[in-house]
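Colleague: Just so you know, the working numbering puts 111 at position 111 of the sequence shown, and the rest follows in order with no gaps.
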Amino acid sequence: MEIINNYYNEFNQLKTRNASISKTFVTTKEEILDEIFRDSDGKDKDISIHLIQLFEQKNKVINNTFILTENVLKLLRRKELLCYRDKVSDFNQEVKKRLGSDTWKEILTIFNRKIYTGKEFKKDDNKYLTKLKKVLDKVNITKVEFELLFRMKHTSNNEFYQNEIRTLEQDLKNLDVDFPNDLKDLKVPLKKFELNSLNQHNFNTFFTSSPICSIQFN
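#1: Helix, strand or coil: which one does DSSP assign to Phe121?
#2: Starting from the C-beta of Glu145, find all residues in its chain whose C-beta is less than 6 Å away, skip the five residues before and the five after it, and write them out in chain order.
#3: With burial defined as no fewer than 16 other Cβ atoms inside 10 Å of the residue's Cβ, what is the status of Asn163: buried or exposed?
#4: For Asn126, name the three-state secondary structure that DSSP assigns.
#5: Just the C-alpha distance for Tyr7 and Lys127, rounded to the nearest angstrom, thanks.
#6: Which residues in the same chain have their Cβ closer than 6 Å to the Cβ of Thr142, if we skip the five residues on either side of it in sequence?
#7: Hey, quick one: how far does the alpha helix (DSSP H) through Asn92 stretch, first residue to last?
#8: Along the alpha helix (DSSP H) that carries Lys184, what are the first and last residues, could you check?
#9: Any idea if Lys134 is buried or exposed, counting beta-carbon neighbours within 10 angstroms, 16 or more meaning buried?
#10: Taking the continuous alpha helix (DSSP H) assigned at Val144, which residues delimit it?
#11: Using a Cβ-based criterion (distance less than 7 Å to any ligand heavy atom), does Thr142 qualify as near the ligand HEM?
#12: Could you check how far apart the C-beta atoms of Thr65 and Phe11 are, in whole angstroms? I think they sit under 8 Å.
#13: Cα separation between Arg17 and Tyr116?
#14: Return the Cβ separation of Phe121 and Leu129 in integer angstroms, given the expectation that the two are a contact with Cβ distance under 8 Å.
#15: Under a three-way DSSP split, which group does Val72 fall into?
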């Protein structure tokens, strides 16, 4: 994510510079144009009106360019963050193993129902949510954080697919950035996820098929 952060820094510098120039231009352009392009009677010459229109069009184009650039950078950062879906899949597999297939199916039904209907958990769900909580407590992940990770996993694979495999240290470093507003709630659970993984040498771990993507259960 370092490259994207560098782009963001450069973008912010350009944005600040443009704002400064625009502010100066606004306060001085009328004075300058009055002096150069008004006739002896104080009436605007046609050329001054034309130049003002050009300046306004120029400002509009520049502002739209900044908006477009910022949207592209947000999309790139979103793609970087959502590469963690594969690790969440491995995590879910371990949770499934500890809960058992039947309970895991109920958990999937419960969270899918909440995501797709927007309705809160039912009273009957507590039986299965209590079992889930016991498993999540072992890795210091809350039910709310589990739901955030669960929702992230539902994001389109085609839209956010990424082949690059990175170390845990690199992934953890990538989390030390400002998240887009629509993803900022994921920062804490993802960081917990990676911190647990970095401590794998002290505990029995799962993900035997994916050594770079581990998290320990106490």
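All C-beta atoms, glycine included, are put in the ideal place defined by N, C-alpha and C.
Note that this is a predicted model, so its numbers are computed, not measured.
Modeller: So, from the data block:
#1: If DSSP states are grouped into helix, strand and coil, Phe121 belongs with coil.
#2: Excluding residues within five positions, the ones whose Cβ falls inside 6 Å are Pro189.
#3: Residue placement at Asn163 is flagged as unreliable, the pLDDT there being 41, under the threshold of 50; the coordinate-derived value follows with that caveat. Under this definition Asn163 is an exposed residue.
#4: Note: Asn126 maps to helix in three-state DSSP.
#5: Rounded to the nearest angstrom, the gap between the Cα atoms of Tyr7 and Lys127 is 48 Å.
#6: Hits under 6 Å: none found.
#7: Looking at the DSSP string, the run of the alpha helix (DSSP H) that includes Asn92 is 85 to 99.
#8: For Lys184, no alpha helix (DSSP H) run applies, since DSSP gives it neither H nor E.
#9: With fewer than 16 other CB atoms across the displayed protein chains lying within 10 angstroms of its CB, Lys134 is exposed.
#10: 143 to 153 is the span of the alpha helix (DSSP H), which, as asked, contains Val144.
#11: The ligand HEM is not part of the structure shown, which contains no ligands of any sort.
#12: Wrong, their Cβ atoms sit about 11 Å apart, outside the cutoff.
#13: Just so you know, the alpha carbons of Arg17 and Tyr116 end up roughly 44 Å apart.
#14: At roughly 7 Å, the Cβ-Cβ gap stays under 8 Å, so Phe121 and Leu129 are in contact.
#15: DSSP, read as helix, strand or coil, puts Val72 in helix.
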